[in-house]
Amino acid sequence: MRLLKAEYKYENMFGIKSARIKKSDSGEFFHYQGANYLTLFQVFSWLVERTRGFNFVDIGSGKGRAVFVAEYFGYNQLTGIELDDALVKEAHENLTRYVFKRKESQIRIIHQNAVKHDYENVPTVYFLFNPFNANILKQVIDKVCSQNSSEIWFIYLNPLYPQPFKEKNITCVKEIKTFLYTEALIFKREGLKQDYISS
875 MRLLKAEYKY ENMFGIKSAR IKKSDSGEFF HYQGANYLTL FQVFSWLVER TRGFNFVDIG
935 SGKGRAVFVA EYFGYNQLTG IELDDALVKE AHENLTRYVF KRKESQIRII HQNAVKHDYE
995 NVPTVYFLFN PFNANILKQV IDKVCSQNSS EIWFIYLNPL YPQPFKEKNI TCVKEIKTFL
1055 YTEALIFKRE GLKQDYISS
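Below, the structure written as structure tokens:
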């Protein structure tokens, strides 16, 4: 009941439409469902002061919900990467409706495969709501880590496949649980010396 009330409250507060699930027939790219608002608020309340001034990238951004919540919490450079063109269209429509956008923030919604995206070499928070299977997730993390030597954080909701993070020596610094269920894992990798990039 709390989740349903939060859905109604925050969809109306933000002025967006991001609740409806979209199924996927792919074994690699999973269906779209907006992350629940209560978990998003808990995550960003904890993380925002630790990553002030960082870029924010939602990998598998769907209709843009996490991007808009991140902007609400103060991130200024935000990018959503989404493969499904229909979801990208809905995210752009939500961007026109989103009521809290600040003048200093920049929001981009990109129609692209996350494995092929070129990731900027700047301090960044990456958000993933279990968008892929373990193999695609590993490819995306490898790509991010090969291109970004800055300090980076990963927010991983519904974290079914944590192993690719461990293989890259990315440290889990926060676990968010509801009773016995792990809602999210937050990982951090310190900035690397340039010599270590692509290693």
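Residue numbers (my numbering): 875 to 1073.
We put the beta carbon where it would ideally sit given N, CA and C, even for glycine.
None of these values were measured; they are calculated from a predicted model.
Asked, Found
"Coil, strand or helix - L1054 by DSSP", "coil"
"Length of the line joining the Cα atoms of N910 and G1065", "30 Å"
"Separation of V943 from G889, as counted between CA atoms", "12 Å"
"F930 (DSSP reduced to helix, strand or coil)", "strand"
"With 16 other Cβ atoms within 10 Å as the buried cut-off, status of K990", "exposed"
"Buried versus exposed, by CB contacts within 10 Å (16 or more), F974", "exposed"
"Cα-Cα separation between N1032 and E978, rounded to whole angstroms", "31 Å"
"Every unbroken alpha helix (DSSP H) within the segment 908 to 952, with a cutoff of 4 residues, ordered by chain", "911 to 921 and 939 to 946"
"Same chain, Cβ closer than 8 Å to F947, five either side skipped, listed in chain order", "F918, S919 and V922"
"Beta carbon of L1034 nearer than 8 Å to that of E1049", "no"
"Helix, strand or coil at E1064 [DSSP, three-state]", "coil"
"Candidates Y884, R939 and S935: closest to D958 by CA position", "S935"
"Whether L1002 touches I955 by CB criterion (8 Å)", "no"
"Q986: first and last residue of the uninterrupted beta strand (DSSP E) it sits in", "Taken as a continuous stretch (DSSP letters only), Q986 belongs to no beta strand (DSSP E), as it is neither H nor E."
"Simplified DSSP assignment, three categories, for V1047", "strand"
"Identified DSSP bridge partners for T998", "N929 and I1026"
"I955, DSSP secondary structure in three states", "strand"
"Which listed residue (N1004, K879, L877 and K891) has its alpha carbon closest to that of R971", "K891"
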